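*Asks:* One structure follows; several queries about it will come next.
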Amino acid sequence: MIAGHYLIVQRWRPFFLKSEHHVRKIAVWVRIPNLPIELYNYRFLWRIGSAIGHMLKIDRNTSIHSRGRFARICVEIDLAKKLVPRISVLGSELNIE
Numbered sequence: 101m102i103a104g105h106y107l108i109v110q111r112w113r114p115f116f117l118k119s120e121h122h123v124r125k126i127a128v129w130v131r132i133p134n135l136p137i138e139l140y141n142y143r144f145l146w147r148i149g150s151a152i153g154h155m156l157k158i159d160r161n162t163s164i165h166s167r168g169r170f171a172r173i174c175v176e177i178d179l180a181k182k183l184v185p186r187i188s189v190l191g192s193e194l195n196i197e
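And the structure:
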C-alpha cells in the first residue's frame, strides 16, 4: 500500500490498455498486530483470513511463532466489496493492516 492506495504489479503484456482491464480480486499480505501469541495456530489464523477474504497462506514466520508483534497471512480480497478494517478477537477489536 502506498499513500493509502494499493499498488498492483502485473506481468507485462503487449498492447495492454488500462481502460480495458479491471482488476477485481487481488492477493494481499495482511498484518494483524497485537494478536496474542496463543492464537498463532493454523486453525485460528485460517478462520481470521476467511473472515477477511479467501484465505491463501499463513506466513512461515507466523506459523513457527518466530514473530510476536504481529501475525501475517495472505488473503485474496474482492475489490468490489468493502474492506474489513478490524476484527473482534476475545472481546477486543484488532486492526487489520
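Every letter in the sequence shown is one number past the one before it in the numbering used here, and letter 18, counting from 1, is 118.
C-beta atoms are modelled at their ideal positions from N, C-alpha and C, and glycine is treated no differently.
The structure displayed is predicted, hence computed values, not measured ones.
Kindly provide the ranges of any alpha helix (DSSP H) runs that are 4 or more residues long and lie completely inside the segment 126 to 160, ordered along the chain.
*Replies:* Correct list: 142 to 152.
*Asks:* Say whether the segment 151 to 161 touches the segment 170 to 179, bearing in mind that this needs 3 or more beta-carbon pairs closer than 8 Å, one atom from each stretch.
*Replies:* Because the criterion of three Cβ pairs below 8 Å is met, the segment 151 to 161 and the segment 170 to 179 touch.
*Asks:* Tell whether a beta-carbon distance below 8 Å holds between Pro239 and Glu193.
*Replies:* No information on residue 239 is available, as it lies outside the stretch 101 to 197 that the chain covers here.
*Asks:* Would you identify the three-state DSSP class for Glu176, choosing helix, strand or coil?
*Replies:* Here Glu176 sits in strand by DSSP.
*Asks:* Ends of the beta strand (DSSP E) at Ile187?
*Replies:* Run containing Ile187: 186 to 189, per the beta strand (DSSP E) assignment.
*Asks:* Classify Tyr142 as buried or exposed, calling it buried when 16 or more other Cβ atoms lie within 10 Å of its own Cβ.
*Replies:* The residue is exposed, with fewer than 16 neighbouring Cβ atoms inside 10 Å.
*Asks:* Glu197 by DSSP, collapsed to three states: which one?
*Replies:* Note: Glu197 maps to coil in three-state DSSP.
*Asks:* Could you tell me which of Trp129, Val128, Tyr140, Trp112 sits nearest to Gly168, measuring between CA atoms?
*Replies:* Closest by alpha carbon: Tyr140.
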